Amino acid sequence: MSNQLPQKRIALFGSTGSIGTQALDVIRANPGLFTAEVLTAQSNDELLIKQAIEFSPNIVVIGDEKKYTKVKAALQHTHVKVFAGEQALEDVAALDCYDMMLAGIVGFAGLKPTLKAVESGKAIGLANKETLVVAGDIVMRKAVENRAPIIPVDSEHSAIFQCLVGETRNPIEKVILTASGGPFLGKKPNFLVNVKRDHALQHPNWSMGAKITIDSATLMNKGLEMIEAKWLFNLKAEQVQVVVHPQSIIHSMVQFEDGSIKAQMGLPDMKLPIQYAMAFPQRIKNKFPRYDFRKPGQLNFEEPDTKTFRNLLLATDALFKGGNMPCILNAANEIAVFAFLRNRIGFLDMTDLIEKTMQNIPFIEKPTLEEYFESDAEARNFAASLIKL
Ligand code: NAD
Ligand code: MG
Numbered sequence: 002m003s004n005q006l007p008q009k010r011i012a013l014f015g016s017t018g019s020i021g022t023q024a025l026d027v028i029r030a031n032p033g034l035f036t037a038e039v040l041t042a043q044s045n046d047e048l049l050i051k052q053a054i055e056f057s058p059n060i061v062v063i064g065d066e067k068k069y070t071k072v073k074a075a076l077q078h079t080h081v082k083v084f085a086g087e088q089a090l091e092d093v094a095a096l097d098c099y100d101m102m103l104a105g106i107v108g109f110a111g112l113k114p115t116l117k118a119v120e121s122g123k124a125i126g127l128a129n130k131e132t133l134v135v136a137g138d139i140v141m142r143k144a145v146e147n148r149a150p151i152i153p154v155d156s157e158h159s160a161i162f163q164c165l166v167g168e169t170r171n172p173i174e175k176v177i178l179t180a181s182g183g184p185f186l187g188k189k190p191n192f193l194v195n196v197k198r199d200h201a202l203q204h205p206n207w208s209m210g211a212k213i214t215i216d217s218a219t220l221m222n223k224g225l226e227m228i229e230a231k232w233l234f235n236l237k238a239e240q241v242q243v244v245v246h247p248q249s250i251i252h253s254m255v256q257f258e259d260g261s262i263k264a265q266m267g268l269p270d271m272k273l274p275i276q277y278a279m280a281f282p283q284r285i286k287n288k289f290p291r292y293d294f295r296k297p298g299q300l301n302f303e304e305p306d307t308k309t310f311r312n313l314l315l316a317t318d319a320l321f322k323g324g325n326m327p328c329i330l331n332a333a334n335e336i337a338v339f340a341f342l343r344n345r346i347g348f349l350d351m352t353d354l355i356e357k358t359m360q361n362i363p364f365i366e367k368p369t370l371e372e373y374f375e376s377d378a379e380a381r382n383f384a385a386s387l388i389k390l
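The structure is reproduced here in structure tokens:
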């Protein structure tokens, strides 16, 4: 019975986001299994306060230091300790008071706290794919050195992880990442050139934070996921393949050396990979809707249109090139998405901006952590200067 497990103390980094709030749904539904020990948010003080009152964590961190006084005042009659600022995120990540970090911060900002948790030997439920895109070699090496298990939360990687259970001695021939294709599947550049923010924010299958929703519309998300898969599963670049599967029922597949393919399937719902990562190796019983094969429906597959969605090509280049190139790609993409979300540049301009940045920032084959940080800053500055941000 699942409720015989010891309670796992979860540190939820990015608790006010799409991943964070769904992780809290899982905790709320399984109070015997999990406690929310740490909650963090960047700027949404109101939701953070509400969450703290409901879940009584040991610690909350508000990233935006200007909001510290308000959060502190709202929680003064509770036992919750309140900290603020970027450094506090790292300091709290290194504390002993929790068992697993659920890394749900978006973007490069998630890297430092996640690294601290890894260095402290904590289990990581990893949603923040940018951590591995930027510095996958260092993060994975430190995870091995500190015996910090990294369990993927990203649905594709959770699928691959689940396919690999019981296959420790069997080499992978390749992994096949499925992509929904996003809201603009089948569209061509003459359509995309006019796409605006609000249109791009509507994803057909998943409801997610703004940045990853735009990444899904440009297919950059799948590119980042190729790089994430390489590091998580110790693959060569050529072992990672992408196939478009618009229904998002197969969450990804692993092909073994005998040609056999395993797939993990289900209705698209991020709570499933979140709770799988949190409870691993157990599965938690739930009442989420089930996929029914008897209902009329189709599962379709096609090759991604990389002539139109060139971000996927740029990410594939970065995957093959390695070094600091994925870090540069990621930084330029964060600037591009930021600018697009503020209607500063068009949909297709995002690709040009990333491409120019990749061509301009010096390549480093084996960067140190410091060099990754420098490449990130240089790429951001360069990309921002191109669009006068
Ligand atoms: P979101 O924008 O909804 O939430 C982001 C969270 O991070 C918020 O709690 C926010 O307060 C915090 N945050 C933002 N900027 C920060 C900063 N500079 N410093 C500290 N905290 C900061 O994002 P999301 O959709 O929940 O995605 C989170 C991560 O999970 C991303 O890396 C994304 O790629 C990945 N992911 C998300 C989904 C999904 O369904 N949403 C699926 C797979 C992977
Ligand atoms: Mg994904």
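In my numbering, each residue's number is its place in the sequence shown (first place is 1) plus 1.
Even glycine gets a Cβ: it sits at the ideal position worked out from N, Cα and C.
Here the structure is a predicted model, which means the values were calculated and not measured.
If you draw a straight line from the Cα of residue 127 to the Cα of residue 243, it comes to about 21 angstroms. Looking only at 370, 296 and 30, the smallest Cα-Cα distance to residue 328 is reached by 370. Annotation for residue 73: the continuous alpha helix (DSSP H) segment containing it runs 69-75. Inclusion of residue 14 in the 8 angstroms shell around the ligand NAD follows from its C-beta lying nearer than that to a non-hydrogen atom of the ligand. Going by DSSP, residue 247 is part of no alpha helix (DSSP H) at all; its letter is neither H nor E. When C-alpha distances from residue 319 are compared across 227, 167 and 268, the shortest belongs to 227. Take residue 341, set aside five residues on each side of it, and the residues of its chain with a beta-carbon closer than 7 angstroms to its own are 198, 215, 348 and 351, in chain order. Shortest Cα-Cα distance from residue 36 to any of 99, 155, 81 and 54 involves 99. Under the DSSP definition of a beta bridge, residue 10 partners with 36.
DSSP lists 177 as the beta-bridge partner residues of residue 242. Counted as a single uninterrupted DSSP element, the alpha helix (DSSP H) harbouring residue 329 occupies residues 326-342. The bridge partners DSSP lists for residue 82 are 60. Counting only the Cα atoms, residue 185 lies some 12 angstroms from residue 195. Taking the Cβ atoms as the reference, residue 252 lies roughly 11 angstroms from residue 271, outside the contact range of under 8 angstroms. Take residue 189, set aside five residues on each side of it, and the residues of its chain with a beta-carbon closer than 8 angstroms to its own are 309, in chain order. Distance from the C-beta of residue 331 to the nearest heavy atom of the ligand MG is not below 8 angstroms. Under the Cβ criterion (8 angstroms, minimum of three pairs), the segment 8-16 counts as touching the segment 103-112. The three-state reading of DSSP puts residue 44 in coil, since its state is none of H, G, I, E or B. If you look at residue 263, you'll find it in the beta strand (DSSP E) that goes 262-266. At least 9 angstroms separates the beta-carbon of residue 291 from that of residue 315. In this model, residue 275 and residue 373 are separated by some 28 angstroms (Cα to Cα). DSSP places residue 127 inside the beta strand (DSSP E), whose first and last residues are 124-127. With distances taken between CA atoms, residue 279 lies nearest to 153 out of 19, 116, 153 and 178.
One alpha carbon belongs to residue 68, the other to residue 46, and they sit about 7 angstroms apart. These are the residues, in chain order, with a beta carbon less than 7 angstroms from any non-hydrogen atom of the ligand MG: 155, 156, 157, 222 and 226.
In this structure, the alpha-carbon of residue 298 lies about 17 angstroms from that of residue 245.
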